[in-house]
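Participant:
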Amino acid sequence: MADDDDGPVELEVQEVGGKTDAVYQSEVQQRQSEVTKLLNAGKALDALPIALNDPPTHTKNQEIKDQNSVIVISVLTAIKEAQVDQVVANLNDEQLDVLMKYIYKGLSNGETSTPLFKWHESVLKKAGLGSIVRVMTDRKTV
Amino acid sequence: FFCFLVADTIFSSFEAVVSTQSTGTTTLFIILLLTMSTSEIDHLANCITTHAWNGDRSKVAISPNSNEVMIYTKKGNTFELEQILQEHDQVITSIDWAPKTNRIVTASQDRNAFVWNYEKNEWKPTLVILRINRAATYVKWSPLENKFAVASGAKCVSVCYFEEDSNWWISKHIKKHKSTVLKVDWHPNNCLLVTGSSDFKCRVFSAHIKVVDKELPRTVFGDKLVFGEPLLEMNASGWVHGVKWSPSGNLIAFASHDSSLCIANVSNLPPTIQKVNLRGLPIRDLLFLSENSLVGVGEDCNPLLFQSEGGNWAFVSEIDKKSEQAAASGDSAAGNARKLFASKVTLGAESVTDTKLETQHQNCITSIRALTAGAVVSDFSTVGLDGNLIVWHTKALEAKFKELKIK
Chain F
1 MADDDDGPVE LEVQEVGGKT DAVYQSEVQQ RQSEVTKLLN AGKALDALPI ALNDPPTHTK
61 NQEIKDQNSV IVISVLTAIK EAQVDQVVAN LNDEQLDVLM KYIYKGLSNG ETSTPLFKWH
121 ESVLKKAGLG SIVRVMTDRK TV
Chain S
1001 FFCFLVADTI FSSFEAVVST QSTGTTTLFI ILLLTMSTSE IDHLANCITT HAWNGDRSKV
1061 AISPNSNEVM IYTKKGNTFE LEQILQEHDQ VITSIDWAPK TNRIVTASQD RNAFVWNYEK
1121 NEWKPTLVIL RINRAATYVK WSPLENKFAV ASGAKCVSVC YFEEDSNWWI SKHIKKHKST
1181 VLKVDWHPNN CLLVTGSSDF KCRVFSAHIK VVDKELPRTV FGDKLVFGEP LLEMNASGWV
1241 HGVKWSPSGN LIAFASHDSS LCIANVSNLP PTIQKVNLRG LPIRDLLFLS ENSLVGVGED
1301 CNPLLFQSEG GNWAFVSEID KKSEQAAASG DSAAGNARKL FASKVTLGAE SVTDTKLETQ
1361 HQNCITSIRA LTAGAVVSDF STVGLDGNLI VWHTKALEAK FKELKIK
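First to last, the sequence lines map onto chains F and S. As numbered in the working numbering, residues 1 to 142 make up the first sequence, in order. As numbered in the working numbering, residues 1001 to 1407 make up the second sequence, in order.
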């Protein structure tokens, strides 16, 4: 008979390229300052690629992740609704997947839902249902 | 291409005639254009989980999501039910038909597999003791048809071979999986096995059995191949639903539940892996049409074509194109009026709520098989949860849609 291992199995998902929490922390702070600078200068469109770049997916520290998501959501809400489609058109596939993850993270808070729904519609049109499937299945959460 | 203009006009003239008849007779007006059709559709059951063709492609065995195997014979342009094989207690998850030895192997959720031999116009089952305590999920004959591998929920693969002395199928286990094994595929050398599992990994094992395979083949994995030891492990970001070796055995394609497809080049170790993210829903099964062309089928209900340009794999196109879908469904005013009354009677609906998908398959495609052998597969068949069996002709598709050129 095959091994009777009926208990819950801990599936180790090999993480490649995980950095330490300290590195993530400093990266997030750096990102925060850069993004704030651009937002204050009114350059929300330039802030988005920086905000989406290299999300802290490999850390187990929820605080770092939440901090990063605050940065991303602030950029998303700063960009005007009319510009959303144009911005999405300029993003590459990887950025779109990361963006979709943050959209869902933001929607789960329930505070900034109106602009996020517009973002969702736009990203869905560009990236397709596959991006939503990847939000649901990816164990490396943002 | 003059013949295609003729084909289109004949299509539209027949639409008016056939629109009042049921979709079962879509096969009727396709008869007249057999040489030019890009696909043929047959509704064989309510729902089909798996299918397998015999050697000369005159018969197909399907599992209609039940504990029976239905064998259909191709009579002219339709399929006729020839036999029903009843031996399993639970849903049959997988069927494979060995083309040369004409043996059918079926695997089921009842933790058993049967090998069926055709003797005196009857299919005689032989039970195979798999020694698993969970459902069998997939079964595949090896290229030389002297072994078969059964993937199961017992986190193992049973590689079975026939022992002449005891006149019995013996199974050897490949464990090393942390969760259900969803699919297996044999390397052309009859010894290597690639497995896809819901533990997010795609692995390659040696399934070399001394009594059956005489020599150990030379592989890139070295000379010492121990049965059941993982030779290669590749990570996926979701359950690995589909795995396939390319015709040469140099590439492994695996599709996972995160709507992605990975192609690993294992001609050199460590393998170079390319990931293609899909626009749509996950792929369930794969088929290499040639070394450079791959078709994935799954929950999009549409076969997807991927091709490699100098080693770079990318999505090319959906195979079920809109114009073909419209022609096959035969929509018209009379047909719509009929749909309205039908929905009023059956569903009590006041308006035509069109739940019909645009694609020819109305539900997830579960299985894809090659119909023609050889270096390039020119015809393949798909079955789905909608109960349809569709045969696709790549040459006709190529002629009609230039981007579907198979390399």
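From the three backbone atoms N, C-alpha and C, an ideal C-beta is built for every residue, glycine too.
Would residue 1345 (chain S) pass as a contact of residue 1040 (chain S) if the rule is Cβ separation under 8 Å?
Facilitator: Within the second sequence, numbered from 1, the residue matching residue 1345 (chain S) stands at position 345. Within the second sequence, numbered from 1, the residue matching residue 1040 (chain S) stands at position 40. No, these two residues do not count as a Cβ contact at 8 Å.
Participant: Is the separation between the beta-carbon of residue 46 (chain F) and that of residue 38 (chain F) shorter than 8 Å?
Facilitator: Position 46 of the first sequence, counted from the start, is the residue given in the question as residue 46 (chain F). Position 38 of the first sequence, counted from the start, is the residue given in the question as residue 38 (chain F). Cβ atoms of residue 46 (chain F) and residue 38 (chain F): closer than 8 Å.
Participant: Count the other CB atoms, across all protein chains shown, that sit within 10 Å of the CB of residue 1022 (chain S); report buried if there are 16 or more and exposed otherwise.
Facilitator: As a first step, residue 1022 (chain S) is located in the second sequence; it is residue number 22 there, counting from the start. Its pLDDT being 47, under 50, residue 1022 (chain S) is placed unreliably in this model, and the value from its coordinates should be taken loosely. Burial call: exposed.
Participant: In chain S, which residues lie with their C-beta within 7 Å of the C-beta of residue 137 (chain F)?
Facilitator: Here residue 137 (chain F) is taken as the residue at index 137 of the first sequence, counted from 1. Correct list: 1237, 1238, 1257 and 1258.
Participant: Output yes or no for whether 8 Å exceeds the beta carbon distance between residue 1261 (chain S) and residue 1296 (chain S).
Facilitator: Along the second sequence, one-based indexing puts residue 1261 (chain S) at 261. Along the second sequence, one-based indexing puts residue 1296 (chain S) at 296. Result yes, Cβ atoms of residue 1261 (chain S) and residue 1296 (chain S) sit closer than 8 Å.
Participant: Taking only beta-carbon positions, decide if residue 127 (chain F) is within less than 8 Å of chain S.
Facilitator: Counting from one through the first sequence, the residue named residue 127 (chain F) turns up at place 127. Yes, residue 127 (chain F) counts as interfacial toward chain S.
Participant: For residue 31 (chain F) and chain S, any beta-carbon pair shorter than 8 Å?
Facilitator: Working through the first sequence from its first residue, we reach residue 31 (chain F) at position 31. Output row for residue 31 (chain F): interface = no.
Participant: Is there at least one Cβ from chain S nearer than 8 Å to residue 85 (chain F)'s Cβ?
Facilitator: Here residue 85 (chain F) is taken as the residue at index 85 of the first sequence, counted from 1. Not closer than 8 Å to any Cβ of chain S, the Cβ of residue 85 (chain F) fails to qualify, so no.
Participant: Does residue 135 (chain F) pass the burial test, meaning 16 or more other C-beta atoms within 10 Å, or should it be called exposed?
Facilitator: As a working mapping, residue 135 (chain F) is identified with position 135 in the first sequence. By the 10 Å Cβ count, residue 135 (chain F) comes out buried.
Participant: Is the CB of residue 54 (chain F) under 8 Å away from at least one CB in chain S?
Facilitator: If you number the first sequence from 1, residue 54 (chain F) lands on position 54. No, residue 54 (chain F) lies away from the interface with chain S (no Cβ there is under 8 Å from its Cβ).
Participant: Determine, using beta carbons only, whether residue 1279 (chain S) comes closer than 8 Å to chain F.
Facilitator: Residue numbering aside, residue 1279 (chain S) sits at position 279 when the second sequence is read from its first letter. Chain F, which has a Cβ nearer than 8 Å to the Cβ of residue 1279 (chain S), makes this yes.
Participant: Who are the neighbours of residue 1282 (chain S) on chain F, taking C-beta pairs under 7 Å?
Facilitator: To locate residue 1282 (chain S), count along the second sequence from 1; it is residue 282. Here the neighbours are 133.
Participant: With 8 Å set as the bound, which would you pick, yes or no: does the beta-carbon of residue 93 (chain F) sit closer than that to a beta-carbon of chain S?
Facilitator: Working through the first sequence from its first residue, we reach residue 93 (chain F) at position 93. It does; some Cβ of chain S falls within 8 Å.
Participant: Leaving out five residues on either side along the sequence, give the residues of the same chain with a beta carbon under 8 Å from the beta carbon of residue 1241 (chain S).
Facilitator: Residue 1241 (chain S) sits at position 241 when you count from the first residue of the second sequence. 1182, 1183, 1196, 1255, 1256, 1257, 1282, 1283, 1284, 1285 and 1298, listed in sequence order.
Participant: Helix, strand or coil: how does DSSP classify residue 1306 (chain S) here?
Facilitator: The sequence position of residue 1306 (chain S) within the second sequence is 306, counting from 1. Here residue 1306 (chain S) sits in strand by DSSP.
Participant: Less than 8 Å between the C-beta atoms of residue 64 (chain F) and residue 32 (chain F), yes or no?
Facilitator: Within the first sequence, the letter at position 64 stands for residue 64 (chain F). Within the first sequence, the letter at position 32 stands for residue 32 (chain F). Going by C-beta atoms, residue 64 (chain F) is not nearer than 8 Å to residue 32 (chain F).
Participant: Below 8 Å on the Cβ atoms is my guess for residue 1161 (chain S) versus residue 1147 (chain S); work out the distance and round it to an integer in Å.
Facilitator: To locate residue 1161 (chain S), count along the second sequence from 1; it is residue 161. To locate residue 1147 (chain S), count along the second sequence from 1; it is residue 147. About 5 Å separates the two Cβ atoms, so the contact holds.
Participant: In terms of DSSP beta bridges, what is residue 1294 (chain S) paired with?
Facilitator: In the second sequence, residue 1294 (chain S) corresponds to position 294, counting from 1. DSSP lists S:1288 and S:1306 as partners of residue 1294 (chain S).
Participant: So residue 1175 (chain S) and residue 1227 (chain S) are supposed to be a Cβ contact under 8 Å. How far apart are they, rounded?
Facilitator: Within the second sequence, the letter at position 175 stands for residue 1175 (chain S). Within the second sequence, the letter at position 227 stands for residue 1227 (chain S). So it is not a contact: roughly 11 Å between Cβ atoms.
Participant: In terms of alpha-carbon separation, which member of S:1289, S:1292, S:1062 and S:1056 lies closest to residue 1101 (chain S)?
Facilitator: Taking the first residue of the second sequence as position 1, residue 1101 (chain S) is located at position 101. The shortest C-alpha separation from residue 1101 (chain S) is found at S:1056.
Participant: Near residue 1291 (chain S), which residues of its chain fall below 7 Å by C-beta distance, leaving aside the five closest residues on each side in sequence?
Facilitator: If you number the second sequence from 1, residue 1291 (chain S) lands on position 291. So the qualifying residues of the chain are 1246, 1247 and 1248.
Participant: Do you know how far the Cα of residue 48 (chain F) is from the Cα of residue 1072 (chain S)?
Facilitator: Here residue 1072 (chain S) is taken as the residue at index 72 of the second sequence, counted from 1. Here residue 48 (chain F) is taken as the residue at index 48 of the first sequence, counted from 1. So the two alpha carbons sit approximately 58 Å from each other.
Participant: Decide if residue 1388 (chain S) is buried, meaning its Cβ has at least 16 other Cβ atoms within 10 Å, or exposed.
Facilitator: One-based indexing of the second sequence puts residue 1388 (chain S) at position 388. Label assigned to residue 1388 (chain S): buried.
Participant: Can you tell me the Cα-Cα spacing of residue 1383 (chain S) and residue 80 (chain F), whole angstroms?
Facilitator: Within the second sequence, numbered from 1, the residue matching residue 1383 (chain S) stands at position 383. Within the first sequence, numbered from 1, the residue matching residue 80 (chain F) stands at position 80. About 47 Å.
Participant: Using the rule of at least 16 other Cβ atoms within 10 Å of the residue's Cβ for burial, across every protein chain shown, is residue 1215 (chain S) buried or exposed?
Facilitator: In the second sequence, the residue the question calls residue 1215 (chain S) occupies position 215. So residue 1215 (chain S) ends up on the exposed side.
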